[in-house]
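Chains as they are written, first to last, in the numbering used here: chain A, 1 to 227; chain B, 228 to 444.
Beta carbons are placed, not taken as given, at the ideal position from N, Cα and C, and that holds for glycine.
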Amino acid sequence: MTLKAHLYLSVRNPNSYFAARQYHQLRMGHDIEIDVRAVYPLAIRYPDYFEKTSPLWVPYLIRDCRRYGEFMGMDFDLPKPDPIVQNLETLEIADEQPYIFRLTRLLQLAATRGAGLLFAKHLMTLIWNGKTPGWDEGDHLANVAAAAGLNLDELDGEIEFSGGQIDKQIFANQDKLHEEGHWYTPSFVFDDELFYGESRFDLALWRLEQHGLQRRNSLSPTTEHGK
Amino acid sequence: MTIKAQLYWSFRSPYSYLATKRYRQMSETWDVDIDVKPVYPIAIRNPAFFSDVNPLWIPYLLKDIARIAEYEGLGLAFPRPDPVVMNNETREISPDQPHIFWLTRLGVEAASRGKGVAFLDEVSTLIWGSGVDGWHEGDHLAQATTRAGLDLEDMRQSIAGNEDKLDDIIANNQKDLEAAGHWGVPTLVVDDEPFFGQDRVEMVLWRMKKLGLKKRD
Chain A
1 MTLKAHLYLS VRNPNSYFAA RQYHQLRMGH DIEIDVRAVY PLAIRYPDYF
51 EKTSPLWVPY LIRDCRRYGE FMGMDFDLPK PDPIVQNLET LEIADEQPYI
101 FRLTRLLQLA ATRGAGLLFA KHLMTLIWNG KTPGWDEGDH LANVAAAAGL
151 NLDELDGEIE FSGGQIDKQI FANQDKLHEE GHWYTPSFVF DDELFYGESR
201 FDLALWRLEQ HGLQRRNSLS PTTEHGK
Chain B
228 MTIKAQLYWS FRSPYSYLAT KRYRQMSETW DVDIDVKPVY PIAIRNPAFF
278 SDVNPLWIPY LLKDIARIAE YEGLGLAFPR PDPVVMNNET REISPDQPHI
328 FWLTRLGVEA ASRGKGVAFL DEVSTLIWGS GVDGWHEGDH LAQATTRAGL
378 DLEDMRQSIA GNEDKLDDII ANNQKDLEAA GHWGVPTLVV DDEPFFGQDR
428 VEMVLWRMKK LGLKKRD
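Written out as structure tokens, the structure reads:
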């Protein structure tokens, strides 16, 4: 039986990048459907969060992501440009935000077309793996869309035509995330149970296996990741 | 060469409890000395924390710690009594705290006697893992202390009259934790690098191996 789950992602969250890759890998090998639900980042939803939090938070997060990437064998570097225009020293968030609305709407649109996880994996890898400074230029985003079986011009056209509708879906995702028990990303939800954070992947997998997660090819129970 | 690490830790942190067994096993299997640095819980260090935090945080935490305990094969029951006396409705921290200062000073005393990790493991297992009602009564604490290779009555005598000195050590631990780059617990610091959270234990081992960690003989 195909298991069904969903994954809340923010394009600006480095741990959403790791989670998008981990859960995409999981879906490739196993009989599970994982819908993506895009939400806007903390910088948009809770801009004062950065003022309230410890000044140690951002430096620690960056350090933790660098070694997590190395530990997990996933390339990582700070994006150039950052999808949220923000001074990482003062944590001041710029008034002009040229990237985040388009990116989040593209992700949500890809999700409504059933290609959310594949699109997320390619988009987040482009932005966060440090290999493509200027990811916003040239045909990088078009290639991401194509890799997910989508057409960037057509997606951008729909955003221009009905961006307000897509935002309604994103806001509904944000509300639903709260209802389901958390406010951060990445959050993976299966069987009404929420797993927040890239580091809860092992626990989520353990829970999925308890519910009969099958490998895609052999349809035999998994053993590889479980503990 | 023996690797040196410092573990910042609080008796009111369920994630500290959940990490401790693995850090104890690590220090028994591998040639690493983990120096325990008890700190006062966030509720004592920053009483406004619980009223500022997102209201979803505590319900999520309670579910999360239960499944981690199950995954790790550890017991988990909410402590009776809570080491920090707090009104769970209003989240107000009581000015009267009969447990946390005593416990934290015991942790420092155990560390100075070279049995810090074992003591934290045994006592946090009593408080968070055993389900006992009234962990502070009878001889529960004395027995847990014995299991860590220490003598509670002897520790009690050392602490009596030296509370201020121990509190200075605890205050310094809190400063050192921030200087190392974090404010939460559990945080293990090795080679000036902080690893916050019970979900970073494997990564700590990976880092120590890169630093030349060897198995104990």
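For this session: Under 7 Å Cβ to Cβ from A/L177, same chain only, skipping five residues before and after it: list those, please.
Result: Y8, V39, W183 and S187
Exercise. According to a CB-to-CB cut-off of less than 8 Å, which residues of the stretch 283 to 303 of chain B neighbour chain A?
Worked result: Across the stretch 283 to 303 of chain B, CB contacts with chain A closer than 8 Å involve L283, P286, Y287, K290, D291, R294, I295 and Y298, in sequence order along the chain.
Problem set entry | Start and end residues, beta strand (DSSP E) containing A/K4 | Where A/K4 is concerned, the enclosing beta strand (DSSP E) stretches over L3 to L9.
For this session: Note down the Cα distance separating B/L288 from A/G138, rounded to an integer number of angstroms.
Result: Taking C-alpha positions only, B/L288 is separated from A/G138 by approximately 44 Å.
For this session: Out of A/Q25, A/Y68 and A/I62, state which residue places its alpha-carbon closest to the alpha-carbon of A/L117.
Result: A/Q25
For this session: Could you pull out every residue in the same chain whose Cβ sits closer than 6 Å to the Cβ of A/I159, ignoring the five residues on either side in sequence?
Result: R105
Exercise. Taking only beta-carbon atoms, is A/Y196 less than 8 Å away from chain B?
Worked result: Chain B contact via Cβ: present.
Exercise. Would a check of beta-carbon distances place B/P241 closer than 8 Å to chain A?
Worked result: no
Problem set entry | Where the stretch 69 to 93 of chain A meets chain B: residues whose CB sits under 8 Å from a CB there | Shown in chain order are the members of the stretch 69 to 93 of chain A whose Cβ falls below 8 Å from a Cβ of chain B: F71.
Problem set entry | B/D403, enclosing alpha helix (DSSP H) - first and last residue | E390 to A407
Problem set entry | CB contact below 8 Å: A/H140 versus chain B | Not a single CB atom of chain B sits nearer than 8 Å to the CB of A/H140.
Problem set entry | Proximal chain B residues relative to A/K176, where beta-carbon distance stays under 8 Å | None at all; the shortest Cβ gap to chain B is about 13 Å.
For this session: Please classify A/H122: is it buried, with 16 or more other beta-carbons within 10 angstroms of its beta-carbon, or exposed?
Result: buried
For this session: Just mark B/G424 as buried or exposed, buried being the case when its beta carbon has 16 or more other beta carbons within 10 Å.
Result: buried
For this session: Spell out whether any CB of chain A is found under 8 Å from the CB atom of B/A232.
Result: no
For this session: Starting from A/H182, find everything on chain B with Cβ-Cβ shorter than 8 Å and list it in chain order.
Result: L283 and Y287
For this session: Return the CA-CA distance between B/D262 and B/R249, expressed in angstroms with no decimal places.
Result: 15 Å
Exercise. Does the stretch 65 to 85 of chain A come close enough to the stretch 12 to 19 of chain A that 3 or more CB-CB pairs lie under 8 Å?
Worked result: yes
For this session: Can you check DSSP and say which residues form a bridge with A/A43?
Result: Its beta-bridge partners do not exist; DSSP assigns none.
Exercise. What are the boundary residues of the beta strand (DSSP E) that B/P421 is part of?
Worked result: E420 to F423
Exercise. So, are the CB atoms of A/V144 and A/F119 less than 8 Å apart?
Worked result: yes
Exercise. Which chain A residues sit within Cβ distance under 8 Å of B/F328?
Worked result: The premise fails here: B/F328 is roughly 24 Å from chain A at the closest Cβ pair, so nothing lies under 8 Å.
Exercise. Between the C-alpha atoms of A/G212 and A/E51, what's the straight-line distance to the nearest angstrom?
Worked result: 44 Å
Exercise. Going by C-alpha distance, which of B/P241, B/V335 and B/D291 is nearest B/K392?
Worked result: Among B/P241, B/V335 and B/D291, the Cα nearest to that of B/K392 belongs to B/V335.
Exercise. With a CB to CB cut of under 6 Å and the five nearest residues on each side skipped, what residues in its chain are close to A/W135?
Worked result: L126 and I127
Exercise. Among the residues of its own chain, which have a CB less than 6 Å from the CB of A/S220, if the five just before and after it don't count?
Worked result: Model confidence at A/S220 stands at a pLDDT of 48, short of 50, so the residue's coordinates are unreliable and nothing is read from them.
Problem set entry | Cross-chain neighbours of A/L203 in chain B, by beta carbon under 8 Å | R294, I295 and Y298
Exercise. With a Cβ-Cβ cutoff of 8 Å, do B/P365 and B/R307 count as a contact?
Worked result: Reading off the sequence, residue 365 of chain B comes out as Gly, not Pro. Cβ atoms of B/G365 and B/R307: not closer than 8 Å.
For this session: Grab the span of the beta strand (DSSP E) containing B/V417 for me, first residue to last.
Result: T414 to V417
For this session: Answer with buried or exposed for B/T256, where buried requires no fewer than 16 other C-beta atoms within 10 angstroms of its C-beta.
Result: Exposed, because fewer than 16 other Cβ atoms sit within 10 Å of the Cβ of B/T256.
Problem set entry | Nearest-angstrom Cβ-Cβ length linking B/R443 and B/D258, presumed shorter than 8 Å | Rounded, the Cβ-Cβ distance is 5 Å, consistent with contact.
For this session: Figure out for me which residue from A/I32, A/V11 and A/N13 has the closest Cα to the Cα of A/L229.
Result: The requested residue 229 of chain A is not part of the displayed model; chain A covers only 1 to 227.
For this session: Kindly say whether A/P47, judged by its beta-carbon, lies nearer than 8 Å to any beta-carbon of chain B.
Result: A/P47 does not count as touching chain B.
For this session: For A/E89, I'd like the list of residues in its chain whose CB is within less than 7 Å of its CB, leaving aside the five on either flank, ordered along the chain.
Result: none
For this session: Find the residues of chain A that neighbour B/M430, judging by a C-beta separation of less than 8 Å, and give them in chain order.
Result: R67, Y68 and F71
For this session: Could you have a look at B/W410 and say whether DSSP puts it in helix, strand or coil?
Result: Of the three classes helix, strand and coil, the one that applies to B/W410 here is coil, per DSSP.
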